[in-house]
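Asker: For the sequence shown, full-length UniProt numbering assigns the number 1 to the initial residue and increments by one for each residue that follows.
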Amino acid sequence: MLMEIARQTVRHRLATFVGAFIALTSGVAMLSSANLVVLSANVGGMPAEEAAAINEISSLLFMLASIAAFLSVFVVAATFAFAVGRRERELALLRGIGATPRQVRRLVFLEGLLVAIAAGIVGTLLGLPGGALLVSVLVSNGLAPASFTLTLSAGTVLIAAVVSTTVCGCVATLGTLSAARRAAAIRPIEALRDAAVEPSAMTRSRWAMGLLFSVGGLATAAFGISQGGQLGGALLMFCCYPMVIGLALLAPTFVGPVTALVTALPARLTTVTGTLAAGNIRTATRRSAGTAAPVLLAVGVTVSFLGTLGVLSAAGESETRGFHREDAVVMPGSVSEAAVIRGEAAAIDGVALASTTWETRVALARIDDAWEMDSQHALGVDPSHIEQLFDVTVLAGSLREFTEDSVVVDAGQAAILGWSVGDEVRMTVPDGGAGTEVVVRVAAIFAGGEMAALPLLIPATLVEEHAPAGATPAIRVVAESDRLISSVLGDLGGIGNATGRVLTIDDWFDELMAPDRMARQAASWVLAGFVLTYTLIAVANTSLMSFGSRQREFELLKKLGATRAQTLRLIAWESLSLGATGILLGGVVAVGTCVATWLLALESLPTAPLALPWIEFLLVGGSCLLITVGTALLPTLFGSRDTRVGASTSE
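So this is what it looks like as structure tokens:
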């Protein structure tokens with residue numbers, strides 16, 4: 001009986017449940033796509049290096065898809081909260097004819113389950129082309145090997161479908177929990193009430209959950225800062241999630257003061273509509289907070305994620321730049337030219353050192369084969385020039401022990417790899433073929449590597465001896481003093497032939513980091529796209545339902561003399577103010593997360609810069625404003641025309 005009532009309710013109120021359906025469908029499709037990528041990476045026959053790269057990126061995709069599913073709980077909760085609010089009289093009538101609170105609660109759960117079943121089926125089907133699209137995006141942005149393809153089989157599709165639909169059902173159940181409790185609390189007498197009265201903005205359970213999530217987010221941030229390193233960075237990257245959820249739950253307590261600031265401008269710029277919009281927001285704090293909450297989630301989560309990555313990347317670049325002491329780099333056209341350029345550079349007045357270095361990538365493995373690393377950035381250097389070329393503070397061992405059969409490593413890598421001074425490691429140096437394997441010893445460990453992947457320092461002669469055809473070294477030049485750098489650069493431009501290039505250390509560093517910056521930016525937006533897409537769906541859904549449910553109110557305004565244009569301006573000002581409020585609160589969370597990440601970086605790198613994500617904030621915030629205002633205007637734009645009594649045909 002209840003199932004039939006639930007089915008009929010969903011059937012006749014499709015517009016009410018479409019937001020939850022779209023949110024759940026998108027979440028299932030994202031999760032299914034990520035599952036298919038993960039399962040395809042585990043299919044046998046893929047080279048170990050490619051499989052490791054895919055597993056690394058797919059684990060992040062799976063994590064972010066799971067976060068999107070977590071956020072969908074609040075999308076579903078908002079949808080069903082609006083649905084129950086619009087059906088109070090209907091549910092009160094059910095109570096009046098004998099339905100118990102338990103039956104009403106089960107009815108709401110069944111409605112959520114029906115929506116989840118439909119969303120699970122559609123989302124799983126969309127996950128198949130979604131997985132292929134995801135692979136193409138990863139490959140085109142260089143985040144996955146070009147040879148990687150999506151592997152579909154009955155087993156992989158079945159596993160992805162089961163996992164995704166199970167998560168969908170759990171999300172729907174959790175999302176409808178609050179709405180079901182509210183529906184069960186409706187009394188039969190509510191059927192006789194004609195005016196809609198907003199319930200209490202803050203309940204004890206909402207206070208408790210809001211404070212719990214807020215304190216949990218702050219505790220996670222504090223613990224991450226205290227831990228430092230990669231663990232601390234990972235914790236800070238995701239501490240924004242409990243923070244924005246806690247802030248969204250507590251929003252009714254301060255949405256009034258914040259919106260008072262935001263609506264001050266509209267109230268000044270307009271005669272009536274801005275003032276009326278400000279009054280609507282202040283008198284309906286629960287509704288206003290519910291409309292601003294998805295914007296808070298979108299800005300807080302996405303900008304915090306991108307900002308944290310930006311701060312960590314900026315700190316890494318700062319550490320890498322500080323590692324290099326040379327003033328100029330000469331890029332010769334050939335090996336033979338390099339020797340000539342080095343000799344001429346060393347003879348220039350004001351040059352303290354001209355040293356030949358070789359960039360390469362090596363494979364590492366422990367002697368007992370306990371672990372292997374397929375690709376590690378290494379720099380071949382003259383052992384006697386290390387302290388002049390690089391900023392190295394030796395923590396263990398001695399640079400005097402750096403000979404032809406040894407290496408020098410930073411403390412960050414040494415901790416990850418479990419190296420200590422005196423350890424022997426098998427290293428494969430590229431030679432144009434399968435590579436040459438040599439056994440090297442760890443001569444020294446220097447401070448650094450906490451925020452950046454610094455190169456492994458190996459003897460230049462070892463790289464030069466096995467260098468493949470076409471490989472060329474670089475000549476690193478150190479001036480005797482800073483005031484001589486300009487003259488040294490001018491003299492360097494006159495040596496060598498037309499195939500060589502002379503770069504300042506800053507120009508060389510920018511060229512070195514440019515590919516990494518592009519790859520990081522692409523990876524950040526691809527990964528953040530999961531969360532951003534999902535939260536923008538929540539913004540559109542909530543705004544559409546919030547303003548769509550008030551058409552009777554807007555029609556009454558028209559009957560009282562408001563023109564259609566004035567009504568639209570009222571909706572625009574109100575939605576714009578609520579969107580700006582959500583953006584402001586989300587920005588507070590994002591800035592707090594970025595500052596916490598910066599404090600973490602300062603512990604390892606006192607010169608770490610504070611890079612705030614202003615561009616990302618403007619892009620995400622602007623998208624939220626457009627969607628909030630656009631979806632708020634839709635019901636009135638496509639609704640009835642001017643229905644004022646005695647209204648003229650012209651406005």
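Backbone N, C-alpha and C fix where the C-beta goes; we use that ideal spot for every residue, glycine too.
If contacts are defined as beta-carbon pairs under 8 Å, then Leu211 and Leu247 qualify, I think. What distance do you get, rounded to the angstrom?
Answerer: Their Cβ separation, rounded to whole angstroms, is 11 Å, which puts Leu211 and Leu247 out of contact at 8 Å.
Asker: How long is the line joining the alpha carbons of Ala6 and Thr176, rounded to whole angstroms?
Answerer: Distance between the alpha carbons of Ala6 and Thr176: 13 Å.
Asker: Between Val526, Thr593, Met373, which has its C-alpha nearest Val311's C-alpha?
Answerer: Of Val526, Thr593, Met373, the residue nearest in Cα terms is Thr593.
Asker: Going by C-alpha to C-alpha distance, which of Thr357, Gly500, Asp349 sits closest to Glu326?
Answerer: Checked all of Thr357, Gly500, Asp349; the closest Cα to Glu326 is Thr357.
Asker: Assign Arg13 to one of three DSSP states: helix, strand, or coil.
Answerer: Coil, per DSSP.
Asker: Give the DSSP-derived three-state secondary structure of Ala195 in the structure shown.
Answerer: Because Ala195 sits at a pLDDT of 49, beneath the cut-off of 50, its placement in the model cannot be relied upon, and the following sentence gives the value as read from the coordinates. Three-state DSSP puts Ala195 in coil, outside helix and strand.
Asker: Can you give, in chain order, each stretch of the alpha helix (DSSP H) that sits fully within the segment 193-277 and has at least 4 residues?
Answerer: Counting only runs of 4 or more, we get 204-227, 229-238, 240-262, 264-269.
Asker: Using alpha carbons as the reference points, say which of Ala292, Ala601, Thr607 lies closest to Gly233.
Answerer: The shortest C-alpha separation from Gly233 is found at Ala601.
Asker: Should Ala29 and Leu61 be called a contact, given that it needs their Cβ atoms to be closer than 7 Å?
Answerer: The answer is no: Cβ separation not under 7 Å.
Asker: Under 6 Å Cβ to Cβ from Asp423, same chain only, skipping five residues before and after it: list those, please.
Answerer: Excluding residues within five positions, the ones whose Cβ falls inside 6 Å are Val442.
Asker: Using alpha carbons as the reference points, say which of Val362, Gly630, Thr283 lies closest to His466.
Answerer: When each option's Cα is compared against that of His466, the closest is Val362.
Asker: For Ala179, I'd like the list of residues in its chain whose CB is within less than 6 Å of its CB, leaving aside the five on either flank, ordered along the chain.
Answerer: Closer than 6 Å at the Cβ level, and outside the excluded window around Ala179, lie Phe80, Ala81, Val84, Val108.
Asker: Suppose contacts are defined by Cβ-Cβ distances below 7 Å. Is His385 in contact with Ser355 by that definition?
Answerer: Yes, the pair counts as a contact, with Cβ atoms nearer than the cut-off.
Asker: Hey, how far is the Cα of Gly224 from the Cα of Trp419?
Answerer: Rounded to the nearest angstrom, the two C-alpha atoms are 25 Å apart.
Asker: With a threshold of 6 Å on Cβ separation, who are the neighbours of Leu544 within its own chain once the five nearest residues in sequence on each side are excluded?
Answerer: Correct list, in chain order: Thr631.
Asker: Measure the C-alpha to C-alpha separation of Gln103 and Glu90 and round it to an integer number of angstroms.
Answerer: When rounded, the distance between both Cα atoms is 14 Å.
Asker: Could you check if Thr567 is buried or exposed, using at least 16 other CB atoms within 10 Å of its CB as the buried criterion?
Answerer: Answer is buried; the Cβ neighbour count reaches 16.
Asker: Measuring alpha carbon to alpha carbon, tell me which residue in Leu456, Pro473, Leu457 is nearest Glu464.
Answerer: Looking at the Cα atoms, Pro473 is the closest of the given residues.
Asker: Determine the burial state of Leu379: buried for a count of at least 16 other Cβ atoms within 10 Å of its Cβ, exposed for fewer.
Answerer: It counts as buried.
Asker: Expressed to the nearest angstrom, what Euclidean distance is found between the alpha-carbon atoms of Val526 and Val137?
Answerer: Using only the alpha carbons, I get a separation of about 8 Å.
Asker: Quick check: Ala523 and Leu143, are their CB atoms within less than 7 Å of each other?
Answerer: Yes, the Cβ-Cβ distance between Ala523 and Leu143 is below 7 Å.
Asker: By how many angstroms is the C-alpha of Gly96 removed from the C-alpha of Leu174?
Answerer: Approximately 27 Å between the Cα atoms of the pair.
Asker: Give the straight-line distance between the Cα atoms of Ile281 and Val629, rounded to the nearest whole angstrom.
Answerer: Taking the straight line joining both Cα atoms gives about 15 Å.
Asker: Give the DSSP bridge partners of Thr357, in chain order.
Answerer: Paired residues: Ala474.
Asker: Would you mind listing the beta strand (DSSP E) stretches within the segment 301-345 that are 3+ residues and don't spill past its ends, in chain order?
Answerer: The segment 301-345 contains these whole beta strand (DSSP E) runs: 328-331.
Asker: For the 8 Å Cβ check, are there 3 or more pairs between the segment 326-343 and the segment 476-485?
Answerer: Yes, the segment 326-343 touches the segment 476-485.
Asker: Using only CA atoms, which one of Arg86, Trp614, Ala20, Met3 lies nearest to residue 667?
Answerer: With the chain running from 1 to 651 in the structure shown, residue 667 is simply not present.
Asker: Could you tell me the alpha carbon to alpha carbon distance between Glu651 and Ser288, rounded to whole angstroms?
Answerer: Confidence at Glu651 is low in this model, with a pLDDT of 32, below 50, so its placement is unreliable and the value that follows should be read with caution. Distance between the alpha carbons of Glu651 and Ser288: 29 Å.
Asker: Should Lys559 be labelled buried (16 or more other beta-carbon atoms within 10 Å of its own) or exposed?
Answerer: The residue in question, Lys559, is exposed, as its Cβ has fewer than 16 Cβ neighbours within 10 Å.
Asker: Report buried or exposed for Leu133, applying the criterion of at least 16 other Cβ atoms within 10 angstroms of its Cβ.
Answerer: By the neighbour-count rule (16 or more Cβ atoms within 10 Å), Leu133 is not buried but exposed.
Asker: Closest by CA to Gly123, which one among Leu218, Leu94, Leu24, Ala221?
Answerer: Per the Cα distances, Leu24.
Asker: Is the segment 260-269 touching the segment 562-577 in the sense that three or more CB pairs, one from each, lie closer than 8 Å?
Answerer: Taking 8 Å as the limit for Cβ pairs, the verdict is that the segment 260-269 does touch the segment 562-577.
Asker: I need the DSSP call for Leu456, collapsed to helix, strand or coil.
Answerer: In this structure, Leu456 counts as strand in the three-state DSSP scheme.
Asker: Can you give me the Cβ contacts of Val10 inside the same chain, cut-off strictly under 7 Å, excluding the 5 residues immediately before and after it?
Answerer: Hits under 7 Å: Phe17, Glu111, Leu114, Val115.
Asker: For the alpha helix (DSSP H) that Asp391 lies in, which residues bound it at each end?
Answerer: Counting along the chain, Asp391 falls outside any alpha helix (DSSP H), and DSSP gives it neither H nor E.
Asker: Please look up how many angstroms separate the CB atoms of Glu317 and Met513, rounded, as I've assumed it's under 8 Å.
Answerer: So it is a contact: roughly 6 Å between Cβ atoms.
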